[in-house]
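Colleague: Below you'll find the structure I mean.
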Amino acid sequence: MARSNSGDSTRAGAAGSKKPKKQRWYHQVWAVYKMTHKQDPSVTWIMLGVFVAIVLLAEVIGLLWGHPIYMLIVGIPFGLLGAMFVLSRKAEKAAYTQIQGQPGAARAALGTVRGGWTFEDEPVAVDPRNQDFVFRGVGRAGVVLVSEGPAHRVRKLLDKETKRTARVLPNVPVTAIQCGDEEGQVPLTKLTRSVTKLKKRLTKSEVNEVGKRLKALGGARLPIPKGIDPTRMRPDRKAMRGR
1 MARSNSGDST
11 RAGAAGSKKP
21 KKQRWYHQVW
31 AVYKMTHKQD
41 PSVTWIMLGV
51 FVAIVLLAEV
61 IGLLWGHPIY
71 MLIVGIPFGL
81 LGAMFVLSRK
91 AEKAAYTQIQ
101 GQPGAARAAL
111 GTVRGGWTFE
121 DEPVAVDPRN
131 QDFVFRGVGR
141 AGVVLVSEGP
151 AHRVRKLLDK
161 ETKRTARVLP
171 NVPVTAIQCG
181 DEEGQVPLTK
191 LTRSVTKLKK
201 RLTKSEVNEV
211 GKRLKALGGA
221 RLPIPKGIDP
231 TRMRPDRKAM
241 RGR
């Protein structure tokens, strides 16, 4: 009887220690498609239209060239690629729509920036009463400060942090960006593009040195209010690309 119990416990332990099944790329694509379709139902027809247009174009070229079957075979994968490109752009927009208006939405968008940029998880300046934030990042373009909040209210907070950073790093470019929907602000959907388009001014070693000095400078050290934390809601770019 003891052996039986031991065997059962061993099998139960083995079953419990099994790793979760790895999700296939097409499962990720389907999940992204469902999320995007919920936000924008037109995505299905746009993807289908792009696919058909590319395949038809390839077929016309094939007929003129005298190789319609060959161009049809070539056109189908290119049509799928075009449809996936549409899905990736629509999915990114849908992801931003989900977090727009939430505290820390700008930091969530900045989490998708590549090209050697690093952004601190916590804001470096906070207005706790109005939930206005300033986030800081370091890259080859220098230091970028991104504010979140109404222009008339957050300007003073952003200017103060810009001056504080410039005093510590007098020879490093400091770029201030206001994220929002008001005139003169950068929309959330275009925030990452605005950061990546900044001209490179520093070497990699200089970026590391700037990062160390900013750590010593510190920040607001105030947590984002409880509830949904948009800083953890980062769009899955691999899933958007169908990988």
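Heads up: the sequence shown at position 219 corresponds to 219 in UniProt numbering, and the numbers run straight through without jumps. Even for Gly, the Cβ is constructed at its ideal location relative to N, Cα and C. Keep in mind the model is a prediction, meaning the values are calculated, not measured.
(1) Does the count of Cβ pairs from the segment 48–59 and the segment 88–107 closer than 8 Å reach three?
(2) Could you tell me the alpha carbon to alpha carbon distance between ALA106 and GLY82, rounded to whole angstroms?
(3) Closest to GLY104 by CA distance: which of GLU148, LEU80 and GLN98 is it?
(4) Could I get the ranges of all uninterrupted beta strand (DSSP E) runs contained in the segment 120–186, with 3 residues as the minimum, in chain order?
(5) Considering only the alpha carbon of each residue, which of PRO123, ALA108 and GLU206 lies closest to PRO173?
(6) Looking only at DSSP bridge pairs, what is THR118 linked to?
(7) Am I right that GLY115 and LEU202 are in contact with their C-beta atoms under 8 Å? What's the rounded C-beta distance?
(8) Can you say whether GLY137 is buried or exposed, counting buried as having 16 or more other CB atoms within 10 angstroms of its CB?
(9) Among GLN98, LEU48 and TYR96, which residue has its Cα nearest to the Cα of PHE85?
(10) If I'm right that VAL144 touches THR175 with Cβ under 8 Å, what's the distance once you round it to whole angstroms?
(11) Alpha carbon to alpha carbon, what distance is there between THR44 and PRO77?
(12) Just to check my reading of the structure: VAL134 and VAL124 have Cβ atoms closer than 8 Å, yes? What is that Cβ distance to the nearest angstrom?
Modeller: Judging by the given coordinates:
(1) no
(2) 29 Å
(3) GLU148
(4) 125–127, 132–139, 142–148 and 174–179
(5) GLU206
(6) VAL138
(7) 12 Å between Cβ atoms; not a contact.
(8) buried
(9) LEU48
(10) 5 Å
(11) 18 Å
(12) 6 Å
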